[in-house]
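Q: Residue numbers (the numbering used here): 14 to 412. Glycine is no exception: its CB is placed at the ideal position from the N, C-alpha and C atoms. Below is one structure. I have some questions about it.
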């Protein structure tokens, strides 16, 4: 599989991609995606296990190294180095390790620690709340209006089909606050006051969930803002500031990657009626059309938790993230075969579209942006994809 075409999408059609496919084609697509999933899972083995174990080891070394560098945080070079290393460790832990382990991507290893049932992450959100709001609600109802609570996180209007309310006039401010304090927004997200108002969740359940958040928040605050700063002695305030900075850096990075996953112009939204009547193949198509990728280098994809491959992640959320770059060319090939879009672009483009949408839809009105047509770009887009595919093929032949 190869390609060097400059034009990446044909002229966008007027109708929704689902309207151009027959029921038989939709089921064919679903079968092909299911076969791709099963093929990868049949090949999982030592190289995958070595990757996640080595990454966890790297994260622990970075975390310890960052903390040690910050002990003499009154010394500016130590502060800068320690803050940078600690920021990197928090990004790795949240994005490529915590998020993906809690998706069950490594449960096949039967490891007593690296599995979705026991793993917890270094952030304010409890693992139980995250797995409910993200793994279940978001991944089940992806981009379904009124059902996917990640569409604007219930505080922002990010689709013209959402009703406007004066409260959205402040969403540029909410956006900035969420960017800097993303972990706390995520932690509170599963309280779901909309469900309380609708009578689907009791206040007793809210209190129980809030107690869990308070317990996790207490541990995070004691660790980052009391315990480690105290170890710095006279450098208490500078270490406090370093830990705060590292958390903000991680929050801004997580926000940027996650918001680019579903809010760029190219993504499609769906009605509850479409969701209720979709087939198994239709579920795959909704995940494909509702997600957007970010082009980048292998290092970028590791730091983003491989969520630069958001399309592949939503097609196969339980697949080890390291396999997304390997299968991406085959996903694009299916898109070409059935004249489907494959949503992707560089970070500055995707994030720019997101910010434009948030600003415009703070005000009444707004029209849907033009959607892409069938993907007509190279099958190998990001550096390293060809090598990953070749390595996977070689490994399959040696088994």
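Three or more beta-carbon pairs under 8 angstroms between the segment 61-71 and the segment 231-242, yes or no?
A: Counting Cβ pairs under 8 angstroms, fewer than three are found: no touch.
Q: For residue 173 versus residue 381, is the C-beta spacing smaller than 8 angstroms?
A: Cβ distance < 8 angstroms, so residue 173 and residue 381 count as in contact.
Q: Does any residue of chain D have a CB that is nearer than 8 angstroms to the CB of residue 230?
A: Structure shown: chain D not included; a single protein chain is present.
Q: For the alpha helix (DSSP H) holding residue 211, just list the boundary residues, first then last.
A: Per DSSP, residue 211 belongs to no alpha helix (DSSP H) and is neither H nor E.
Q: If contact is defined by three or more beta carbon pairs under 8 angstroms, each pair taking one atom from either stretch, is the segment 342-349 in contact with the segment 387-398?
A: As far as the Cβ criterion goes, the segment 387-398 touches the segment 342-349, which means the pair count is three or higher.
Q: Within a Cβ cutoff of 8 angstroms, which residues of the same chain sit near residue 19, ignoring the five residues on either side of it in sequence?
A: Summary for residue 19: the model assigns pLDDT 35, below 50, so the residue's position carries little reliability, and this model does not support an answer.
Q: Taking Cβ to Cβ, would you say residue 39 is nearer than 8 angstroms to residue 274?
A: Taking 8 angstroms as the Cβ cut-off, residue 39 and residue 274 do not qualify as a contacting pair.
Q: How would you label residue 229, buried or exposed, when you count the other beta carbons within 10 angstroms and need 16 or more for buried?
A: Classification of residue 229: buried, given that the 10 Å Cβ count is 16 or more.
Q: Pair every Cβ in the segment 314-326 with every Cβ in the segment 106-124, then say whether three or more of these pairs are closer than 8 angstroms.
A: Contact holds: three or more Cβ-Cβ distances are below 8 angstroms.
Q: Please look up how many angstroms separate the CB atoms of residue 281 and residue 156, rounded, as I've assumed it's under 8 angstroms.
A: 7 angstroms between Cβ atoms; contact.
Q: How many Å lie between residue 213 and residue 194 at the Cα?
A: Answer to the nearest angstrom: the Cα atoms are 28 angstroms apart.
Q: Please go through the segment 134-221 and give each complete alpha helix (DSSP H) segment of 4 or more residues, from N-terminal end onward.
A: The qualifying runs are 140-143, 184-193, 195-202, 206-210.
Q: Considering only C-alpha positions, which residue in the set 332, 167, 120, 148 is nearest to residue 207?
A: Here the closest residue by C-alpha is 167.
Q: Using the beta-carbon count (16 or more within 10 Å), is residue 240 buried or exposed?
A: Exposed.
Q: Give the C-beta separation of residue 278 and residue 366 to the nearest angstrom, bearing in mind that I take them to be a contact with Cβ-Cβ under 8 angstroms.
A: Confirmed, Cβ separation roughly 5 angstroms.
Q: From the DSSP output, which residues share a beta bridge with residue 359?
A: Its beta-bridge partners are 308.
Q: If you reduce the DSSP assignment to three classes, tell me which class residue 329 lands in.
A: It is coil, neither helix nor strand.
Q: Judging by CA-CA distance, which residue of 160, 68, 271 is the nearest neighbour of residue 211?
A: Nearest C-alpha to residue 211: 160.
Q: Tell whether a beta-carbon distance below 8 angstroms holds between residue 371 and residue 175.
A: Cβ distance not < 8 angstroms, so residue 371 and residue 175 don't count as in contact.
Q: What's the C-alpha gap between residue 84 and residue 232?
A: So the two alpha carbons sit approximately 20 angstroms from each other.
Q: Classify residue 27 as buried or exposed, calling it buried when 16 or more other Cβ atoms lie within 10 Å of its own Cβ.
A: Confidence at residue 27 is low in this model, with a pLDDT of 46, below 50, so the placement of that residue is unreliable and no value is reported for it.
Q: Using the C-alpha atoms, what's the distance from residue 70 back to residue 362?
A: Using only the alpha carbons, I get a separation of about 34 angstroms.
Q: Assuming residue 56 and residue 245 make a contact with CB atoms under 8 angstroms, what is their CB distance in whole Å?
A: Not confirmed; about 47 angstroms, so no contact.
Q: How many angstroms separate the CA atom of residue 364 from the CA atom of residue 118?
A: The alpha-carbon atoms of residue 364 and residue 118 are separated by roughly 27 angstroms.
Q: Measure the C-alpha to C-alpha separation of residue 386 and residue 325 and round it to an integer number of angstroms.
A: So the alpha carbons of these two residues sit roughly 19 angstroms apart.
Q: Secondary structure at residue 253, three-state DSSP: helix, strand or coil?
A: If DSSP states are grouped into helix, strand and coil, residue 253 belongs with the helices.
Q: What residue range is occupied by the uninterrupted alpha helix (DSSP H) comprising residue 415?
A: Residue 415 is absent from the model: the chain starts at 14 and stops at 412.
Q: Spell out the partners DSSP gives residue 283 in its beta bridges.
A: Answer by DSSP bridge pairing, in chain order: 157.
Q: With the cut-off set at 8 angstroms, would you say residue 132 and residue 144 are in Cβ contact?
A: No, the pair does not count as a contact, with Cβ atoms beyond the cut-off.
Q: Apart from the five residues just before and just after residue 54, which ones in its own chain have a Cβ nearer than 8 angstroms to its Cβ?
A: So the qualifying residues of the chain are 121, 332.
Q: Less than 7 angstroms between C-beta atoms, sequence neighbours within five positions excluded: which residues of the same chain meet that for residue 306?
A: Closer than 7 angstroms at the Cβ level, and outside the excluded window around residue 306, lie 321, 322, 323, 324, 356, 357.
Q: Would you identify the three-state DSSP class for residue 27, choosing helix, strand or coil?
A: Since pLDDT at residue 27 reaches only 46, below the 50 mark, its modelled position is unreliable, and no value is offered.
Q: Classify residue 217 as buried or exposed, calling it buried when 16 or more other Cβ atoms lie within 10 Å of its own Cβ.
A: Burial call: exposed.
Q: Does DSSP put residue 272 in a helix, a strand or coil?
A: DSSP places residue 272 in helix when its eight states are reduced to three.
Q: What's the call for residue 406, buried or exposed, on a 16-neighbour Cβ count within 10 Å?
A: Exposed, because fewer than 16 other Cβ atoms sit within 10 Å of the Cβ of residue 406.
Q: Mind checking residue 224: buried by the 16 CB within 10 Å criterion, or exposed?
A: Exposed, by the Cβ-count rule.
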